[in-house]
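Asks:
In this note's numbering, the protein residues as written are 11 to 198.
1. With a threshold of 16 other CB atoms inside 10 Å of the CB of residue 23, please say whether the residue is buried or exposed.
2. Comparing alpha-carbon positions, which option in 29, 159, 168 and 165 lies nearest residue 41?
3. Using CA coordinates, which residue listed in 112, 16 and 81 is at the minimum distance from residue 67?
4. So, for residue 88: in the same chain, excluding its five sequence neighbours on each side, which residues have a beta-carbon less than 6 Å away from its beta-carbon?
5. Using CA coordinates, which residue listed in 181, 38 and 110 is at the minimum distance from residue 156?
6. Residue 178 lies in the alpha helix (DSSP H); which residues open and close that run?
7. To the nearest angstrom, report how far apart residue 79 and residue 137 are at their CA atoms.
8. Closer than 7 Å by C-beta to residue 108: which residues in its own chain qualify, once you throw out the five before and the five after it? Chain order, please.
Here it is in structure tokens:
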């Protein structure tokens, strides 16, 4: 093999490596954007829930004015949803929303008239629907993170990911209270 042929072989190998590097970089960017888009969807649903809470609070106040704790919890949940910045803060806000929906449903047991209020029923349906959409968005986010993290940990992509600063992303995790199954008492 003469020097000219060797030169073109080396140039060809360099071009293949460069093309692989560009392709890998672009796929990592796309996966990272998918993770960001999934996280943004969670933010959208948390903002939607935060917008629903003041209307729900106003409706409940007419029936259960002396239930001060629920109103402070509504305000706390709304503030958490609006100020959540990190994945763990968003996770906490989503958990707070789920807890709040459950407590509001228990409130209807103490105040049966509130169930008959069409506005309350509509708001609770919207809030429960939003909580479900948050659950779906969290699942989609975790799937996007799984694909991204798997990709940046595999060889040889790991080398390119390290060169360009792609780092592992955090998963949404279930809150501690969701890991224990509630005890059910059927009057025994």
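Glycine residues also receive a C-beta, built at the ideal position from the N, C-alpha and C atoms.
Replies: Working from what's here:
1. exposed
2. 159
3. 81
4. 60 and 63
5. 181
6. Residue 178 -> no alpha helix (DSSP H), and no H or E assigned at all.
7. 19 Å
8. 141
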